[in-house]
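Student: Have a look at this one.
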Amino acid sequence: MSHELSHEPELSELSELRVVNPATEEVVATVPAATAADVDAAVVRAAAAQARWAALAPGDRARLLRRFAAAVDEHLEELARLEVREAGHTIGNARWEAGNVRDLLDYAAGGVERLTGRQIPVAGGLDVTILEPLGVVGVIAPWNFPMPIAAWGTAPALAAGNAVLLKPAETTPLTALRLAELALEAGFPEGLFQVLPGHGPVAGDALVRHPGVAKIVFTGSTTVGKQVLAKGSALLKRVTLELGGKSPNIVFADADLEAAAAAAPMSFLDNSGQDCCARTRILVQRTVHDRFLELLAPAIESVVVGDPADEKTDMGPLISRVQLERVRSYVTDDLDGIRGKAPEGPGFWFPPTVLTGVDPHARVAVEEVFGPVAVVLPFDDEADAVALANATDYGLSGSIWTRDVGRALRVSQAVRAGNLSVNSHSSVRYSTPFGGFKQSGVGRELGPDALTAFTETKNVFISTEGPAQ
Ligand code: NAD
Numbered sequence: 133m134s135h136e137l138s139h140e141p142e143l144s145e146l147s148e149l150r151v152v153n154p155a156t157e158e159v160v161a162t163v164p165a166a167t168a169a170d171v172d173a174a175v176v177r178a179a180a181a182q183a184r185w186a187a188l189a190p191g192d193r194a195r196l197l198r199r200f201a202a203a204v205d206e207h208l209e210e211l212a213r214l215e216v217r218e219a220g221h222t223i224g225n226a227r228w229e230a231g232n233v234r235d236l237l238d239y240a241a242g243g244v245e246r247l248t249g250r251q252i253p254v255a256g257g258l259d260v261t262i263l264e265p266l267g268v269v270g271v272i273a274p275w276n277f278p279m280p281i282a283a284w285g286t287a288p289a290l291a292a293g294n295a296v297l298l299k300p301a302e303t304t305p306l307t308a309l310r311l312a313e314l315a316l317e318a319g320f321p322e323g324l325f326q327v328l329p330g331h332g333p334v335a336g337d338a339l340v341r342h343p344g345v346a347k348i349v350f351t352g353s354t355t356v357g358k359q360v361l362a363k364g365s366a367l368l369k370r371v372t373l374e375l376g377g378k379s380p381n382i383v384f385a386d387a388d389l390e391a392a393a394a395a396a397p398m399s400f401l402d403n404s405g406q407d408c409c410a411r412t413r414i415l416v417q418r419t420v421h422d423r424f425l426e427l428l429a430p431a432i433e434s435v436v437v438g439d440p441a442d443e444k445t446d447m448g449p450l451i452s453r454v455q456l457e458r459v460r461s462y463v464t465d466d467l468d469g470i471r472g473k474a475p476e477g478p479g480f481w482f483p484p485t486v487l488t489g490v491d492p493h494a495r496v497a498v499e500e501v502f503g504p505v506a507v508v509l510p511f512d513d514e515a516d517a518v519a520l521a522n523a524t525d526y527g528l529s530g531s532i533w534t535r536d537v538g539r540a541l542r543v544s545q546a547v548r549a550g551n552l553s554v555n556s557h558s559s560v561r562y563s564t565p566f567g568g569f570k571q572s573g574v575g576r577e578l579g580p581d582a583l584t585a586f587t588e589t590k591n592v593f594i595s596t597e598g599p600a601q
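Encoded structure:
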């Protein structure tokens with residue numbers, strides 16, 4: 133119940149995870165933390181299960197994945213309520229997130245029987261490629277979207293014939309643990325999909341260093357992602373990284389300004405800004421800068437911040453006191469801008485905040501805040517907009533608001549980011565690829581090629597020459 137619950141763990145506290153409701157600061161659950169020895173044992177079980185799983189008929193694997201999807205669907209409301217309690221997500225978002233897990237499993241199930249290799253023309257025989265599973269895959273998930281991000285790695289990895297060891301974030305293990313139970317209830321073999329709730333530097337690190345884990349799918353901070361890549365490289369481990377962002381929302385003077393201003397708030401306030409795709413740099417053409425702010429102010433002020441279980445709430449709390457303090461450190465009193473409202477009292481609340489007149493090189497304009505904070509920066513012309521959009525080490529997402537189709541295409545080509553949207557803020561669909569340029573990541577998840585990322589390509593040449601006479 134006290135603030136000390138969300139401090140950095142001491143060594144003596146490493147044996148358990150305390151799950152705290154971010155809206156009330158009440159302890160929701162205490163979960164034993166997995167040790168390196170637990171990871172070792174899990175890898176052995178996973179390897180055995182994987183061999184049997186890969187040997188199943190593809191249609192049977194697909195059927196089991198669909199049964200898992202159906203079990204998630206049947207428990208959608210329960211999973212959503214759990215997400216509200218452990219992560220403070222609004223109930224509307226949480227339902228979408230549980231539904232996204234179901235959809236990812238269904239989509240991956242459809243891929244099992246379509247995971248085809250190629251037949252390549254060669255002289256003297258037949259050449260075919262076979263897409264083989266990697267073996268045991270480790271998925272290390274963050275707390276900001278505990279269910280969907282866990283499933284982004286898990287669903288295609290399983291569909292491609294792998295076993296999965298999922299390590300959820302310290303603060304949000306409960307939905308992952310429930311998903312593992314549902315998988316077993318749906319008929320999944322024991323050991324195929326295991327959840328290892330634990331501390332990053334302990335259980336996460338053990339997964340990354342384990343020679344029996346063929347691939348790590350990591351989503352989280354760029355700092356830890358770089359460590360995962362470096363440690364994994366010692367074993368030439370396959371690594372996919374989905375990291376941070378500081379994404380631009382570029383509003384040209386010829387855009388539908390009313391629509392752009394109406395859409396801007398939730399493009400960085402959704403999930404209280406704890407979203408790697410949050411459009412936190414609002415770049416506005418100078419000629420419409422003031423008009424845009426006039427339109428934006430009431431839109432920000434009308435965002436409903438409060439009890440995430442209330443259907444009318446737009447934005448809930450931040451995940452923890454640590455995160456709240458981090459966000460506070462970026463927003464000093466001397467900065468001008470638009471401030472929304474947030475509840476007082478228990479819970480990790482921070483109001484919607486738009487900062488104006490900020491130096492483009494200021495910390496808040498450059499670093500990922502991971503909270504409900506955006507900056508508005510003016511630009512002069514298209515070249516200036518592109519230069520400003522690209523003036524970041526990140527390259528995850530971005531939006532372009534204009535009525536000029538040619539400009540929309542030119543700017544989409546010029547912005548160095550993996551996921552762009554024109555006249556909207558859409559980034560993530562299970563059926564389209566997702567991932568970052570530059571320091572936002574390595575590799576792609578989701579989309580039509582998601583399963584292939586969990587396979588090795590084997591080339592087999594079969595001679596058609598008869599035996600030598
Ligand atoms: P984090 O990097 O601290 O933790 C992410 C995960 O890594 C957690 O499960 C954590 O336990 C684990 N971890 C921590 N240290 C580890 C280590 N030494 N070895 C192995 N695993 C370790 O990040 P966070 O605070 O949980 O999440 C917020 C960050 O994640 C933000 O920077 C955000 O941008 C990023 N993120 C990116 C995406 C994306 O898709 N690109 C999505 C969500 C979040």
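Just so we're aligned: 303 in the numbering used here is position 171 of the sequence shown, and the numbers increase by one with no gaps anywhere.
Note that CB positions come from ideal geometry on N, CA and C, so glycine has one too.
Kindly examine the ligand NAD and report whether one of its heavy atoms sits closer than 6 Å to the Cβ of P483.
Tutor: no
Student: Run the CB neighbour count on K369, radius 10 Å, all protein chains shown included, and call it buried at 16 or more, exposed below.
Tutor: buried
Student: Apart from the five residues on each side of it in sequence, which residues of its chain come closer than 7 Å, Cβ to Cβ, to E264?
Tutor: T587, E588 and K590
Student: If we call anything under 7 Å between Cβ atoms a contact, is L373 one with V574?
Tutor: yes
Student: How many Å lie between V490 and L298 at the Cα?
Tutor: 40 Å
Student: Report whether the distance from the Cβ of I272 to the nearest heavy atom of the ligand NAD is below 6 Å.
Tutor: yes
Student: Does any residue of chain C bring its CB to less than 7 Å from the CB of G191?
Tutor: The question asks about chain C, but that chain is absent: this structure has only one protein chain.
Student: Rounded to whole angstroms, how far is the Cβ of V518 from the Cβ of A540, which I believe are closer than 8 Å?
Tutor: With 8 Å as the limit, V518 and A540 do not qualify as a contact, their Cβ atoms being about 13 Å apart.
Student: Does the stretch 276 to 284 touch the stretch 211 to 218, meaning 3 or more C-beta pairs lie closer than 8 Å?
Tutor: Contact holds: three or more Cβ-Cβ distances are below 8 Å.
Student: Rank R198, T412, I532 and A391 by C-alpha distance to the C-alpha of S399 and give the top, closest one.
Tutor: T412
Student: Report the option in L211, L247, I223 and A241 whose CA atom is closest to the CA atom of A230.
Tutor: L211
Student: Taking Cβ to Cβ, would you say A166 is nearer than 7 Å to G330?
Tutor: yes
Student: Less than 8 Å between the CB atoms is what I'm expecting for F502 and L415, so what's the real figure, rounded?
Tutor: Rounded, the Cβ-Cβ distance is 20 Å, inconsistent with contact.
Student: With 16 other CB atoms within 10 Å as the buried threshold, where does E136 fall?
Tutor: Caution is warranted here: a pLDDT of 40 is assigned to E136, below 50, making its placement in the model unreliable, and the coordinate value is therefore given only provisionally. It is exposed - the Cβ of E136 has fewer than 16 other Cβ atoms within 10 Å.
Student: Could you check the C-alpha separation between H557 and W533 for me, to the nearest Å?
Tutor: 10 Å
Student: If you run the structure through DSSP and keep just helix, strand and coil, what is A523?
Tutor: coil
Student: Report yes or no: do the stretch 268 to 276 and the stretch 344 to 354 share at least 3 C-beta pairs separated by less than 8 Å?
Tutor: yes
Student: Can you check whether the CB of F200 is closer than 7 Å to the CB of A315?
Tutor: In this structure, A315 sits near F200, with a CB-CB distance shorter than 7 Å.
Student: Going by the CB atoms, is the gap between A241 and P288 shorter than 7 Å?
Tutor: no
Student: Which one of M447, N225 and N381 has the shortest CA to CA distance from V547?
Tutor: N381
Student: Compute every distance between the C-beta of W275 and the non-hydrogen atoms of the ligand NAD, then say whether any falls below 6 Å.
Tutor: yes
Student: So is D468 buried or exposed if we call it buried at 16+ other beta carbons inside 10 Å?
Tutor: exposed
Student: Could I get the ranges of all uninterrupted beta strand (DSSP E) runs contained in the stretch 480 to 533, with 3 residues as the minimum, in chain order?
Tutor: 485 to 488, 505 to 511 and 529 to 533
Student: Helix, strand or coil: which one does DSSP assign to P397?
Tutor: Three-state result, P397: helix.
Student: At a cut-off of 6 Å, would you count T587 as near the ligand NAD, judging by its Cβ distance to the nearest heavy atom?
Tutor: no
Student: With 16 as the cutoff for other CB atoms within 10 Å, does L258 come out buried or exposed?
Tutor: exposed
Student: Could you say which of A178, V435 and A393 lies nearest to E426 if we only look at CA atoms?
Tutor: A393
Student: Checking the sheet assignment: what are the DSSP bridge partners for D259?
Tutor: I252 and F593
Student: Have a look at P565 and P580 and give me their C-alpha separation to the nearest angstrom.
Tutor: 7 Å
Student: State the Cα-Cα distance for the pair A155 and A362, rounded to the nearest angstrom.
Tutor: 37 Å
Student: For A230, name the three-state secondary structure that DSSP assigns.
Tutor: helix
Student: Let's see if you can read the secondary structure: which residues bound the beta strand (DSSP E) around G270?
Tutor: Residues V268 to I272.
Student: Smallest Cα separation from A494: which of Y462, W284 and K358?
Tutor: Y462
Student: Between F569, Y562 and G477, which has its C-alpha nearest N232's C-alpha?
Tutor: Ranked by Cα distance from N232, the options F569, Y562 and G477 are led by Y562.
Student: If we ignore side chains and look at the alpha-carbon of each, how far apart do R341 and S559 end up?
Tutor: Spanning the alpha carbons of R341 and S559 requires a straight line of approximately 32 Å.
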